[in-house]
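Novice: Protein chains in written order, with our numbering: chain A, 1 to 589; chain B, 1 to 162.
Glycine included, C-beta positions come from ideal geometry on N, C-alpha and C.
One structure is given below, represented as structure tokens, and several questions about it will come after.
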Amino acid sequence: MPKTLVKVGMASCGVAAGAEPVYKKLTEMLKDRDDVEVKKVGCIGFCYLEPLVEIEKGSSRITYGKVDEAIAEEIVETHIGHGETIKKYVVLNNSDEAPENPRLENQVRIVLRNSGLIDPENIDEYIEREGYKGLEKALKEMSPMDVIKEVLDSGLRGRGGAGFPTGLKWKFAHMAKSDMKYFVCNADEGDPGAFMDRSVLEGDPHSIIEGMAIGGYAIGASEGIIYCRAEYPLAIKHLNTALEQAREKELLGDNIMGTDFCFDIHIKEGAGAFVCGEETAMIASIEGKRGMPRPRPPFPANKGVFGKPTNINNVETLANIPWIITNGASAFNRYGIGRSRGTKVFALAGKVNKGGLAEVPMGMPLRDVIFELAGGIPNNKKFKAVQLGGPSGGCLPEALLDTPVDYESINATGAIMGSGGMVIMDETTCIVDVAKFFLSFVQKESCGKCPFCRIGTKRMLEILERISRGEGKMEDLDLLEELAYQIKDGSLCGLGQTAPNPVLTTLKYFREEYETHIQDKKCPAKVCTSLIKYSIDPEKCIGCTKCARNCPVNAISGEIKKAHVIDDSICVRCGKCIEVCPVNAVSVE
Amino acid sequence: MTSSPAKGIENMSKRLDPIIEKYRGKKGVTIPLLADVQKELGYVAEEAVGYLAEKADIPAAELFGVATFYAMFRMQPEGKYVVRVCRGTACHVQGSALIGDQIQRHFKIKDGETTSDGIFTLQYVACLGCCSLAPVLMVGDEVYGRLTPDKAVSILESYRDK
Ligand SMILES: Cc1cc2nc3c(=O)[nH]c(=O)nc-3n(C[C@H](O)[C@H](O)[C@H](O)COP(=O)(O)O)c2cc1C
Ligand code: FES
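Shown next, in the form of structure tokens:
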């Protein structure tokens, strides 16, 4: 009899959705069954259905979604006990129809090949799925230049934002002459709204370690550093376990796999600064200094960490590497269009039905990503914009949804591919508010070195604040544009050079909404608090007092069974009264 | 070398010397050194910086420079639980501002402040990486998602008795 495996998704998203008690319940109920094993696995990207529990027996794999303790009990009794599938909770089924099967079938999973399937704290499960095969092949059958050529031929470009060809970057670092070189993994994932890297770090840490070891071999590095943000405690825990296990198996350390290659990796925890995701700032931070960028050249490939040649790659970039070496460049560049080869993982969030991760071949139209994979917009609301590339990116409207996701096409719109964060917005999102949000982010995160970035973003933010208060002038829009271009030209690093992008793209595609704020002093999405007013329709109000009791600031008064009124000078526009009113008497204008 | 007498902090040398020794002679250690000090003391106390500067032979200006640059370091003591309210993009469009507002009102603290009973410190952060469960907050190392303002407050209240 094959063993039954019960896999509980225990990445941060699963835990946040309540996987911990489910796991406890399952282990408790099944502790006496020798033929059943309960395991923790990473995230398979179906975050909207967390907590997820997969039952694997022989070749059958059935996944249940939104599992709570009661459902867990039912699964143990009915599915594991009597071998009956509980159809109403099934979301994925590898041998039969299930509601979410198409979402998986539309994907090509290279980076996410193991996420959610294996126990990230058990190296044997990684090895069973071709893990460390790529490293073995590289060390035993290929020269460093062969490895570089394979990566060049694959067409892989950096997934951290800039899209620089990875093979070429490796070649520069390889050519640099030095007694000591560093290979750094950028796991800072600072772009708010992006979580692809977290998912890989938590769910498949060995793929990063293997990717780094292969890269280290290619460029001639002996030391690897993973710069991981401290906001990801689970990722750091899994990385540490994985490093330990890799060392035990002599996949890290001296004379790896009996060859001359020596390489070890340690973790540097970030300390909470977005700018440290930028290469030269990261190097300063690794050296223990304030994370301020510096001009390039010299490039890190020549002068990086402690002045030694250094190669920096993003997590997702590195997760591709073992697969490319094992399966060959042509298996990889079969996917994609133009100069964008392979796949891209997108983090889907915001106003969508199916938030989570999806890995698709480059070139899929945005529309398919948003409406097929992300399941469209909830509550019958209308799509308004998709934000790509985080604070360096832009907001694209409906009219551009046929744009294929590849570096060149996205850049042509004024947004950037960035790291792959996609935040989807509907008609209830105010574009001016979003622009303001991003500017306040970069304004806070600017390291302060370049005056344009430091002060220019502040001035832009003030203008946007003015507009959202209804005090804007039409000339402000020109001023915003002028400042935007000056900041782009006058900044040293990518942070300042791209900081104005969210404003520029929204001005380009949603100018009307700015104009409505300025000329009509109205916020069409009803978000900007100075431009909206809550009121109670005395005709509809039944005087139930619910709103008054629930108002967090006591802005509502009125006698029982009589119409209530809102004191606008106290109201904080939190929307609680709308939520609780049984007769829809509260409205926003 | 004279050992500087600890002022407000008790047993400074006993508490900090092992940390200083751990990093002595290593390169690029300012950040982990300060992080360990913060772990030990709960914050990067000004007097601790003076002590470190002398004992570890790192200029105080460099230590202060690093401590004030990174969001992770606090120069003030913090509460028993650090509450990180995500103000990232996904959480923003899902109404995280209202969550933060409600917590501020309910616990009478602002971003960066600690409740008068010393239990909660509120911090606004940008993205906790659980965007698909937005809006999200973190109490200590625990992440909570799919919040409403009321749910957020009741989760925090449940920590009071822990
Ligand atoms: C302000 C700023 C923040 C960045 N943040 C990140 C980040 O969080 N993660 C990342 O991988 N790359 C980030 N980058 C891009 C890196 O500088 C660099 O291009 C990347 O790590 C290179 O790896 P790749 O070639 O594999 O993409 C950032 C760049 C800038 C300018
Ligand atoms: S935006 Fe809040 S968790 Fe990412």
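1) Please classify A399 (chain A) as buried or exposed, where buried requires at least 16 other C-beta atoms within 10 Å of its C-beta.
2) Using the beta carbon as the reference atom, which residues fall closer than 6 Å to any heavy atom of ligand 2, ordered along the chain?
3) Give, in chain order, every unbroken run of the beta strand (DSSP E) that is at least 3 residues long and sits entirely within the stretch 9–68 of chain A.
4) Under 9 Å between the Cβ atoms of V151 (chain A) and I324 (chain A)?
5) Measure from the C-beta of M72 (chain B) to each C-beta in chain A and report whether the shortest distance is under 9 Å.
6) Taking V572 (chain A) and D101 (chain B) to be in contact with their CB atoms under 8 Å, please state how far apart those CB atoms are, rounded to whole angstroms.
7) Restricting to Cα atoms, I'd like to know which of A:F195, A:K562, A:E445 and A:T27 is closest to G350 (chain A).
8) Please state whether DSSP places N554 (chain A) in a helix, a strand or coil.
9) Looking at the secondary structure, which residues open and close the beta strand (DSSP E) in which S535 (chain A) lies?
10) Listing by chain order, which chain B residues have their CB less than 7 Å from the CB of V15 (chain A)?
11) Looking at the secondary structure, which residues open and close the beta strand (DSSP E) in which R339 (chain A) lies?
12) Between the stretch 150–173 of chain A and chain B, which residues of the former have a C-beta closer than 8 Å to a C-beta of the latter?
13) In whole angstroms, give me the CA-to-CA distance for K108 (chain B) and S158 (chain B).
14) Using DSSP's beta-bridge definition, name the partner residues of M422 (chain A).
15) Between which two residues does the alpha helix (DSSP H) carrying I19 (chain B) extend?
16) Please state whether DSSP places I225 (chain A) in a helix, a strand or coil.
17) Using the rule of at least 16 other Cβ atoms within 10 Å of the residue's Cβ for burial, across every protein chain shown, is H623 (chain A) buried or exposed?
18) My parser needs the alpha helix (DSSP H) runs of 4 or more residues fully inside the stretch 95–172 of chain A; what are they?
19) Are the C-beta atoms of Y89 (chain A) and some chain B residue less than 9 Å apart?
20) Would you please verify whether the beta carbon of T516 (chain A) is less than 9 Å from any beta carbon of chain B?
21) Which residues does DSSP pair with D264 (chain A) in a beta bridge?
22) Mind listing the chain A neighbours of V29 (chain B)? Cutoff is C-beta to C-beta under 8 Å, in chain order.
23) With 9 Å as the limit, tell me which residues of the stretch 413–429 of chain A have their beta carbon closer than that to any beta carbon of chain B; keep them in chain order.
24) Determine which residues of the stretch 212–240 of chain A have a Cβ less than 9 Å from any Cβ of chain B, and write them out in chain order.
25) Helix, strand or coil for A187 (chain A) per DSSP?
26) Quick one, which residues of the stretch 360–378 of chain A are near chain B if we go by CB-CB under 8 Å, in chain order?
27) Measure the alpha-carbon distance for A585 (chain A) versus S154 (chain B) and round it to whole angstroms.
28) Could you please give me the residues that DSSP links to G356 (chain A) through a beta bridge?
29) Let me know the secondary structure DSSP gives M1 (chain B) once reduced to three states.
30) Would you identify the three-state DSSP class for N255 (chain A), choosing helix, strand or coil?
31) Is the beta carbon of D406 (chain A) within less than 8 Å of some heavy atom of ligand 1?
32) Check the DSSP bridge columns for N313 (chain A) and list the partner residues they point to.
33) Suppose you measure from the CA of D179 (chain A) to the CA of Q76 (chain B); what does that come to, to the nearest Å?
34) Is F383 (chain A) buried or exposed, if buried means 16 or more other CB atoms sit within 10 Å of its CB?
35) State the Cα-Cα distance for the pair K164 (chain A) and G158 (chain A), rounded to the nearest angstrom.
36) Does T89 (chain B) have its Cβ less than 9 Å from a Cβ in chain A?
Specialist: Short version:
1) Taking the first residue of the first sequence as position 1, residue 399 (chain A) is located at position 399. Exposed, because fewer than 16 other Cβ atoms sit within 10 Å of the Cβ of A399 (chain A).
2) Cβ-based neighbours of ligand 2 within the cut-off: A:P192, A:G193, B:C86, B:G88, B:T89, B:A90, B:C91, B:C127, B:L128, B:G129, B:C130, B:C131, B:A134 and B:V136.
3) 36–41, 53–57 and 60–64
4) Against the first sequence, residue 151 (chain A) aligns to sequence position 151. Against the first sequence, residue 324 (chain A) aligns to sequence position 324. Contact flag set, yes.
5) Position 72 of the second sequence, counting from 1, holds the residue named residue 72 (chain B). Judged by the 9 Å Cβ criterion, M72 (chain B) is in contact with chain A.
6) To locate residue 572 (chain A), count along the first sequence from 1; it is residue 572. To locate residue 101 (chain B), count along the second sequence from 1; it is residue 101. Indeed, because the Cβ distance is near 7 Å, the residues count as touching under 8 Å.
7) Here the question's residue 350 (chain A) lines up with position 350 in the first sequence. Among A:F195, A:K562, A:E445 and A:T27, the Cα nearest to that of G350 (chain A) is on A:F195.
8) Position 554 of the first sequence, counting from 1, holds the residue named residue 554 (chain A). In this structure, DSSP gives N554 (chain A) a state outside helix and strand, which the three-state scheme calls coil.
9) By one-based count along the first sequence, residue 535 (chain A) stands at place 535. Note, S535 (chain A): beta strand (DSSP E), Y534 to I536.
10) By 1-based counting over the first sequence, the position of residue 15 (chain A) is 15. Within 7 Å Cβ-Cβ: V143.
11) As a working mapping, residue 339 (chain A) is identified with position 339 in the first sequence. Element bounds for R339 (chain A): n/a, residue is neither H nor E.
12) none
13) One-based indexing of the second sequence puts residue 108 (chain B) at position 108. One-based indexing of the second sequence puts residue 158 (chain B) at position 158. Distance between the alpha carbons of K108 (chain B) and S158 (chain B): 17 Å.
14) Numbered from 1 along the first sequence, position 422 holds the residue referred to as residue 422 (chain A). Bridge partners of M422 (chain A) according to DSSP: A:L348 and A:L388.
15) The residue given as residue 19 (chain B) occupies position 19 in the second sequence. Here the alpha helix (DSSP H) through I19 (chain B) covers M12 to Y23.
16) Here residue 225 (chain A) corresponds to residue number 225 of the first sequence, with the count starting at 1. I225 (chain A): strand per DSSP, three-state reduction.
17) Here chain A comprises residues numbered 1 to 589, so residue 623 (chain A) is not present and cannot be evaluated.
18) 101–105, 123–128, 133–141 and 144–154
19) Sequence index remark: in the first sequence, residue 89 (chain A) carries index 89 (1-based). False, the Cβ-Cβ gap to chain B never drops below 9 Å.
20) As a first step, residue 516 (chain A) is located in the first sequence; it is residue number 516 there, counting from the start. No, its Cβ sits nowhere closer than 9 Å to a Cβ of chain B.
21) Residue mapping note: residue 264 (chain A) aligns to position 264 of the first sequence, counting from 1. The partner list for D264 (chain A) (beta bridge, DSSP) reads A:E223.
22) The residue given as residue 29 (chain B) occupies position 29 in the second sequence. Simply G288.
23) G421, V423, I424, M425, D426, T428 and T429
24) Of all residues in the stretch 212–240 of chain A, R229, A230, E231, Y232, P233, L234 and A235 have a Cβ within less than 9 Å of some Cβ in chain B.
25) As a working mapping, residue 187 (chain A) is identified with position 187 in the first sequence. Looking at A187 (chain A) - three-state DSSP - the assignment turns out to be strand.
26) Listed in chain order, the positions of the stretch 360–378 of chain A with a beta carbon within less than 8 Å of a beta carbon of chain B would be empty, since no residue qualifies.
27) Reading the first sequence from its first residue, position 585 is the one you call residue 585 (chain A). Reading the second sequence from its first residue, position 154 is the one you call residue 154 (chain B). If I take the Cα positions, the gap works out to 27 Å.
28) As a first step, residue 356 (chain A) must be located in the first sequence, where it is residue number 356. Beta-bridge pairing links G356 (chain A) to A:L348.
29) Within the second sequence, numbered from 1, the residue matching residue 1 (chain B) stands at position 1. A caution first: M1 (chain B) carries a pLDDT of 39, below 50, which makes its placement in the model too unreliable to give a value.
30) Within the first sequence, residue 255 (chain A) is the residue found at index 255, counting from 1. N255 (chain A) falls in the coil class under three-state DSSP.
31) Taking the first sequence and counting its residues from 1, one reaches residue 406 (chain A) at position 406. Checking the Cβ of D406 (chain A) against ligand 1 gives no.
32) By 1-based counting over the first sequence, the position of residue 313 (chain A) is 313. A:C185, per the DSSP bridge assignment.
33) Locating residue 179 (chain A) in the first sequence gives position 179, where the first residue counts as 1. Locating residue 76 (chain B) in the second sequence gives position 76, where the first residue counts as 1. Cα to Cα, D179 (chain A) sits roughly 43 Å from Q76 (chain B).
34) By 1-based counting over the first sequence, the position of residue 383 (chain A) is 383. Buried, since its Cβ has 16 or more Cβ neighbours within 10 Å.
35) Working through the first sequence from its first residue, we reach residue 164 (chain A) at position 164. Working through the first sequence from its first residue, we reach residue 158 (chain A) at position 158. For clarity, residue 164 (chain A) is Phe in the given sequence; the question names Lys instead. For F164 (chain A) and G158 (chain A), the gap between their C-alpha atoms comes out near 5 Å.
36) Start at 1 with the first residue of the second sequence, and residue 89 (chain B) comes out as number 89. Chain A, which has a Cβ nearer than 9 Å to the Cβ of T89 (chain B), makes this yes.
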